[in-house]
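In what follows, a structure is listed as C-alpha cells, so that the remarks can point back to it.
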Amino acid sequence: MLALLRRLVETESPSTDKAAVDRLGKLVAGVARKFGERVRFYPSQTTGNHLRAEFRFDSRPARGQILLLGHLDTVWSLGTLKRMPFRIKGSRAYGPGVFDMKSGIVIGLFALGALRKLQIPIRKNIMMLLNADEEIGSPSSRPITEREARRSDAALVLEPAHGPRGALKTARKGTGEFELRVRGRAAHAGLEPEKGVNAILELSRQLLVIEKLADKKRGITFNPGIVRGGTRANVIPDQALATIDVRVMRAEDQVRAERGLRALRPYDRRATLAITGGFNRPPFERSKAVAALLDRARRLAEPLGIELSEATVGGGSDGNFTAALGVPTLDGLGAVGEGAHAVHENIVIAELPRRAALLAHLIADLAGARD
Ligand SMILES: [Zn+2]
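Below is the structure:
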C-alpha cells in the first residue's frame, strides 16, 4: 500500500493543472485495470478528466450499485514535492495530498482487490468515481457524481477520516460563497468630501449586519474572507467588495442565509449594494438512513478492533451531493491522519490496511449475496 501511495503522491496533481491531474488519472487507471475492470474517463476541458472504474464481481446482472467516491486532485501546486517530499518518519507518511486524499484512493483499490482475491460474493455493481476537481468545488464532475448517486443504494466517500481516532463523517455543512459589492461616489477627500459616498465605510457597516445573521447554535456562519476597495488615501472610494463564505447545517437554513444577505439595504441611501453568488454544496444532513449506515459500519468494525465514532464537520465534500439526493452516505472512510491542506499533512501508516479491511467488509455487507 505504501509503495502505491508513494507513486500517487509523487505524481503531483493540482486541480488547476489539467495535464498533471491527467497523469495521475492514467496511473490510477492502470492499477484499476490490473483487476480487469472497466475503466474509462469522462473528458473535461476545464479540469483533469474524471476517472470511472466499474467493478463487477458476478456474471449475473447486478442487483443495484454501491458508489465509491474520491478525487484525484490536490490543493498543492506543481513543485511542492521539492520542499515537501514523500517521506516516512516514525509511524507516519508525509507528503502533498497524502492524507487528502491519495491514501483514500489506495484504500479503495486495495479493498476491492482483497474482495476479488478472496472471491467474496458481491451481487452489486461497485462504481468507483475519482474526479479531478473536488478541491475547486467539483464544477465539472458534480453532474456525473449525482447521476451515479441516483443509481446507487449507498455512497461511500474515501475522504480523510476525522481526528486521531478515525471518526467517520456523518454530517457536513453546506457551503456557499457570496460577493457583496458596494458602489459609492468618488470625491476629493480634502476639497469636497461632502460630495463623496464612501463605499468602504458602507461595506464595513454591512459586514457588521452580516455578522448578526450568523447563528452559532444552528451552525450558520458568515465569514467575510476577502475585502477590497479604494484607490488612494486621498480619494473617497466609490467601490468596495467583500467575498463571504457562508455555511449551514440544514437545507432550510440555506434559504434563510441567502434571504438574509439579499435583504441588506444601504445605510447611506446614496450607496448601492449588489449581492452575487450562491451555495455550491448543499448540507449533508445526518438522516435516519445515514445513521443506519453508520450502525452497520460500527458493527462490522468491532471484530476488526476498530471502535468507530462519528463527527460533524464544517467542510464540504462530494458526499454533500449524494447525501442531499437522499442516498445513504458515509464519509471519512479514507486515511487516519492530520493536516489536510497544511504542510505537515500526514497519515498513520498502520491504519492503511485496517481502513481497507473496514471498507472491504462494508462493501461485502452492503453488496453481498444476502442483499
Ligand atoms: Zn478531499
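Under our numbering, the letters of the sequence shown match residues 1256 to 1626, in that order.
We put the CB at the ideal spot given by N, CA and C, even for glycine.
Everything numeric in this text was worked out from a predicted model, so none of it was measured.
Note on the stretch 1457–1511: whole beta strand (DSSP E) runs with a minimum of 3 residues are 1476–1484, 1494–1503, in chain order. Judged by the Cβ position, GLU1540 fails to qualify as a neighbour of ligand 1 at the 7 Å threshold, every heavy atom of the ligand being at least this far. The beta carbon of GLU1389 sits closer than 7 Å to at least one heavy atom of ligand 1.
With distances taken between CA atoms, ARG1505 lies nearest to ALA1426 out of ALA1426, LEU1588, GLY1560. A buried status is given to ASN1380, since no fewer than 16 other beta-carbon atoms sit within 10 Å of its beta-carbon. Put simply, the backbone Cα of ALA1369 is about 31 Å away from that of TRP1331. By the Cβ-count criterion, PRO1340 is exposed, with fewer than 16 other Cβ atoms from all chains shown falling within 10 Å of its own Cβ.
Straight-line spacing of the CA atoms in GLY1480 and ASP1500 works out to 7 Å. Residue nearest to ALA1546 within the set ARG1378, ALA1416, GLU1565 is GLU1565 (criterion: CA-CA distance). In the structure shown, HIS1616 falls within a helical segment according to DSSP collapsed to helix, strand and coil. Look at ASP1355: its beta carbon is less than 7 Å from one of the heavy atoms in ligand 1. Here the distance from the Cβ of HIS1305 to the nearest heavy atom of ligand 1 is not below 7 Å. Taking 7 Å as the cut-off, one finds at least one heavy atom of ligand 1 near enough to the beta carbon of GLU1414. If you draw a 10 Å sphere on the C-beta of GLN1300, you find fewer than 16 other C-beta atoms in it, and that means exposed. Straight through space, the alpha carbons of LEU1559 and ALA1612 are spaced by roughly 8 Å.
DSSP, read as helix, strand or coil, puts LEU1413 in coil. Looking from the CA of ASP1408, the closest CA among ASP1355, PRO1608, GLY1570, PRO1583 belongs to PRO1583. GLY1368 carries a helical assignment under DSSP once its states are collapsed to helix, strand and coil. The stretch 1423–1439 and the stretch 1336–1351 do not touch, with fewer than 3 CB-CB distances between them shorter than 8 Å. Between LEU1257 and ALA1348, the gap from beta carbon to beta carbon is short of 8 Å.
Where GLY1439 is concerned, there is no enclosing beta strand (DSSP E), because DSSP gives it neither an H nor an E.
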